[in-house]
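Q: Protein chains in written order, with my numbering: chain A, 55 to 166; chain B, -11 to 101. Don't be surprised by glycine CBs; every beta carbon is placed ideally from N, CA and C.
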Amino acid sequence: GESVGLHLPTLSVQEGDNSIINCAYSNSASDYFIWYKQESGKGPQFIIDIRSNMDKRQGQRVTVLLNKTVKHLSLQIAATQPGDSAVYFCAESPTGGFKTIFGAGTRLFVKA
Amino acid sequence: EAQVTQNPRYLITVTGKKLTVTCSQNMNHEYMSWYRQDPGLGLRQIYYSMNVEVTDKGDVPEGYKVSRKEKRNFPLILESPSPNQTSLYFCASSLSGTDLGAFFGQGTRLTVV
């Protein structure tokens, strides 16, 4: 079946550096992508989303890039802070559907 | 405060004993969904509902039932729980199915022995 995957299961960065979390998706029909952050003991929290008619979208300290040619999604976090330590999930939604497919997650460690 | 509330937060039960996990949202959202989260597998969608009385299967619906009799509530029912349903469960809601930036509940950790 189609799935959303991740290149790296863990990522360790120094406080203040930029973080880049990558995600590969396999369903070329997907038209909506979301990044979630999950802190220990909590439910996932929406960070940012992007539709397939866009290549880039910026939020507060976060940027999502979408490369449809290679079916790749990335989340960039600027000036990473200790509070950014969490598991990050990418998710996709195929065209016309309500189903959401999540990747397995990347754990981000921020070193002080 | 906008929120999705699940109950209970923790539950230990025995195989075969029917249980219900409740989910309620106060945002008047049309779309609600249930996920289970298992180590290394991420979140997998169990069932979703586009509106009252409209539900459909997600990727792992076997062994689960849902109902959507009113907009705010979306209970998850395990008629005969089995140990392979031991997991962390999340309920989520969003304004519409195409606006999938969802709000998630705090999770229900279920153990079936």
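Hey, how far is the Cα of A/F100 from the Cα of B/Q25?
A: Roughly 16 Å separates the two Cα atoms.
Q: Would you say A/P98 lies against chain B (beta-carbon separation less than 8 Å)?
A: It does; some Cβ of chain B falls within 8 Å.
Q: What did DSSP end up calling A/T130 once you bin it into helix, strand or coil?
A: Looking at the sequence itself, residue 130 of chain A is Gln, so the reference to Thr does not match. If DSSP states are grouped into helix, strand and coil, A/Q130 belongs with the strands.
Q: Among all the DSSP beta bridges, which residues are the ones paired with B/Q25?
A: B/L31 and B/L76.
Q: Examine chain A for any beta-carbon lying closer than 8 Å to the beta-carbon of B/Q73, and answer yes or no.
A: Closer than 8 Å: no.
Q: How many angstroms separate the CA atom of B/Q73 from the CA atom of B/E67?
A: Between B/Q73 and B/E67, the C-alpha separation is close to 11 Å.
Q: What whole-angstrom Cβ distance do B/R32 and B/Q94 have, given they're in contact under 8 Å?
A: Rounded, the Cβ-Cβ distance is 18 Å, inconsistent with contact.
Q: B/L66 versus chain A: which residues are under 9 Å apart at the beta carbon?
A: Neighbours of B/L66 on chain A: none; closest Cβ ~20 Å, over 9 Å.
Q: Would you tell me roughly how many angstroms separate the C-alpha atoms of A/S82 and B/V2, rounded to the nearest one?
A: One C-alpha to the other measures close to 42 Å.
Q: In the DSSP assignment, what residue or residues form a beta bridge with A/K110?
A: A/L119.
Q: Taking B/R60 and B/N(-5) to be in contact with their CB atoms under 8 Å, please state how far apart those CB atoms are, rounded to whole angstroms.
A: Their Cβ separation, rounded to whole angstroms, is 14 Å, which puts B/R60 and B/N(-5) out of contact at 8 Å.
Q: Of the choices A/R161, A/K153 and A/G137, whose alpha-carbon is the least far from that of B/P27?
A: For B/P27, the nearest C-alpha among the options comes from A/R161.
Q: List the residues of chain B that A/A158 touches, going by C-beta distances under 8 Å, in chain order.
A: Simply G28, L29 and G30.
Q: Name the DSSP beta bridge partners of B/L83, please?
A: Paired residues: none, contrary to the question.
Q: Does the separation of the CB atoms of B/Y36 and B/Y19 fall below 8 Å?
A: Going by C-beta atoms, B/Y36 is nearer than 8 Å to B/Y19.
Q: Got a sec: is the Cβ-Cβ distance from B/Q13 to anything in chain A below 8 Å?
A: No, no contact with chain A.
Q: Is B/P71 buried or exposed, if buried means 16 or more other CB atoms sit within 10 Å of its CB?
A: Label assigned to B/P71: exposed.
Q: Cβ closer than 9 Å: which chain B residues qualify as neighbours of A/D109?
A: By Cβ distance, chain B contributes nothing, its closest Cβ being about 19 Å from A/D109, past 9 Å.
Q: Look up B/F92 in the DSSP assignment and give the residues it is bridged to.
A: B/A80.
Q: Establish whether the CB of B/I0 and some CB of chain A are separated by less than 8 Å.
A: Cβ-Cβ to chain A under 8 Å: no for B/I0.
Q: Verify the CB distance criterion: does A/K122 have a CB-CB separation below 8 Å to chain B?
A: No, A/K122 lies away from the interface with chain B (no Cβ there is under 8 Å from its Cβ).
Q: Compute the Euclidean distance between the alpha carbons of A/R111 and A/L127, then round it to the nearest angstrom.
A: The straight-line gap from Cα to Cα measures roughly 11 Å.
Q: What residue range is occupied by the uninterrupted beta strand (DSSP E) comprising B/Q(-9)?
A: B/Q(-9) -> no beta strand (DSSP E), and no H or E assigned at all.
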